[in-house]
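One structure is given below, encoded as structure tokens.
2 protein chains.
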Amino acid sequence: MSENFIEQLRGYVANNGLKSSRQREIIAGVFFGCEEHVTIDQLLSKAREKDSKISQATVYRTMKLLSECGLAKMRHFQSGQTLYEVSDGEKGHHDHLICLDCGKIVEFVNAKIEELQHTIAEEHGFELTDHRMELYGHCADTKCPGKERA
Amino acid sequence: MSENFIEQLRGYVANNGLKSSRQREIIAGVFFGCEEHVTIDQLLSKAREKDSKISQATVYRTMKLLSECGLAKMRHFQSGQTLYEVSDGEKGHHDHLICLDCGKIVEFVNAKIEELQHTIAEEHGFELTDHRMELYGHCADTKCPGKERA
DNA sequence: GTCAGTGCAAAGGTTTTGCAATTTA
DNA sequence: TAAATTGCAAAACCTTTGCACTGAC
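In order, the protein sequences belong to chains A and B. Counting from 1, one number per residue, gives the positions in the first sequence under this note's numbering. Counting from 1001, one number per residue, gives the positions in the second sequence under this note's numbering.
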């Protein structure tokens, strides 16, 4: 499972003219093993269990990289500290756009909205477990019957 | 409208052994007149139009007070800066937070989400006409039956 | 050999705090 | 007068960056 993420990371690194490093592998390994939101400091101390010389800057740089390649999500809650979360994403976590004319359903995922939903839930003291969001409208498909009206 | 908020603030101040101050009234007045999220710096510069000697520290302290008494909401988005929002929620459109334990429904409004929804619809060539969003989770109410499980 | 990655320390940006002076009740 | 509030500057945070060095390709 964590293996899979590491492979994705390696692929990203290889395909983007980057180089691998021992420190990054350690940090990523630690991160992918985390269940919950983690802070930079938490990652740093866990990483230092495996290599005591890893610097905070490297953790920041690694997490930035993981965010860029979609393997980590950054969250800003009220603490002022950034929390990082493994972005498994594939739990059926998509939302829907529905055309009122032809019934076509488009699935989409939007990290920003997911993030905001968490923020909203938190502000109301909720522990979020699920959500549904549906957007209704008229699609742009020329074959859609709705277009005949226009 | 803004008047109402100011009264609430004064009540809170009076009931909590605090004292009033010209600066705080100015900052609160400016804040309650804001439609959108505002930063400390925006509040500061608007407040300084009325009293050029108001300090940033006072703005921070005032906004902290307003948050504590429920008149302002702090938001931490990706910018790293804290945004403050008047917590009225009376703009008509709202979405729902639903407690899976006690069925409690909390209404909320979020301009950013509304905005993102339009952006997403546009990206997919949809003309948005309506939407629904529901967040499901467990509320923080101690009287909520779900808490017995824990 | 070249260029990305690292560690360190310094710099940046935002928010909080200590303190003397001021203002309110 | 006692206590809260203020402005200022310093301190405290979190995060990013410059630089010389190391390590991967």
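Glycine included, each C-beta is placed from N, C-alpha and C at the ideal position.
Alpha-carbon spacing of residue i relative to residue j, whole angstroms
i	j	result
B/Gly1070	B/Ser1087	7 Å
A/Lys91	B/Glu1085	Its pLDDT being 47, under 50, A/Lys91 is placed unreliably in this model, and the coordinates cannot settle the point.
B/Ile1027	B/Leu1043	7 Å
B/Leu1097	B/Val1030	30 Å
B/Ala1072	B/Ile1006	12 Å
A/Lys112	A/Asp95	12 Å
A/Ser20	A/Phe32	17 Å
B/Gly1089	B/Thr1082	For B/Gly1089, the predicted model reports a pLDDT of 41, less than 50, meaning its position is unreliable; a value from the coordinates is still stated below. Rounded to whole angstroms, B/Gly1089 to B/Thr1082 spans 19 Å at the Cα level.
A/Gly11	A/Glu68	13 Å
B/Val1222	B/Thr1058	Residue 1222 of chain B lies beyond the stretch modelled for chain B, which goes from 1001 to 1150, so this question has no answer here.
Interface residues of chain B facing residue i [CB-CB closer than 9 Å]
i	result
A/Gly80	His1076, Gly1080, Thr1082
A/Phe108	Ile1120, Glu1123, His1124
A/Ala140	His1124, Gly1125, Phe1126, Glu1127
Per DSSP, the bridge partner or partners of residue i
i	result
A/Ala72	A/Val86
B/Val1038	B/Tyr1084
A/Glu7	Answer is none; A/Glu7 lacks a bridge partner.
A/Arg132	B/Glu1134
B/Cys1139	DSSP lists no partner for B/Cys1139.
Member of the options whose CA lies at the smallest distance from the CA of residue i
i	options	result
A/Val109	A/Phe126, A/Glu123, A/His131, A/Leu18	A/His131
B/Lys1050	B/Met1133, B/Leu1135, B/Thr1082, B/Glu1025	B/Glu1025
A/Leu9	A/Ile54, A/Cys139, A/Met63, A/Cys34	A/Met63
A/Cys34	A/Arg22, A/Ala47, A/Gln23	A/Ala47
B/Leu1116	A/Ala140, A/His138, A/Glu134	A/Glu134
Cβ pair residue i, residue j closer than 9 Å
i	j	result
A/Leu65	A/Leu18	yes
A/Tyr136	B/Leu1128	yes
B/Arg1075	B/His1037	yes
A/Ile40	A/Gln56	yes
Where residue i meets chain B, residues with beta-carbon distance less than 7 Å
i	result
A/Gln23	Within 7 Å Cβ-Cβ: nothing; A/Gln23 doesn't reach chain B, min ~25 Å.
A/Met63	Per Cβ cutoff of 7 Å: no residues; A/Met63 is ~14 Å from chain B at best.
Partners in chain A for residue i, counting only beta-carbon separations shorter than 7 Å
i	result
B/Lys1112	Leu116
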